[in-house]
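Before any comments, here is the structure.
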Amino acid sequence: STYTQYISFQRLKEVKKLLQQSTTSDIRINEIMYEVGFNSRSAFNTWFKRNTGFTPTEFKKSPE
191 STYTQYISFQ RLKEVKKLLQ QSTTSDIRIN EIMYEVGFNS RSAFNTWFKR
241 NTGFTPTEFK KSPE
């Protein structure tokens, strides 16, 4: 649905912002994952990669 897509887009936007602001700590990625509503690291990674083409760790390391 359009509402679900909107929420997903907003979550993704927030995750990208938080990843770019965070340190290199893997724990921070877990904190971000919980902050935007995911309880499973594998589901979070799958969702993030499907929407960006990168895993959260790859995105964090990429110069964007």
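Residue numbering for the sequence shown follows the working numbering, beginning at 191 and increasing consecutively.
Every residue, glycine too, gets a C-beta built ideally from N, C-alpha and C.
Residue range of the alpha helix (DSSP H) that residue i falls in?
i           : result
residue 205 : 192-211
residue 232 : 231-242
residue 245 : It is not in any alpha helix (DSSP H) - residue 245 carries neither H nor E in the DSSP assignment.
Using a Cβ-Cβ cut-off of 6 Å (strictly less than) and excluding sequence neighbours within five positions of residue i, which residues of its own chain qualify?
i           : result
residue 234 : 223 and 228
residue 202 : 241
residue 212 : 218
So residue i and residue j are in contact, right, with Cβ under 8 Å, and what is the actual spacing, rounded?
i           : j           : result
residue 226 : residue 248 : 18 Å between Cβ atoms; not a contact.
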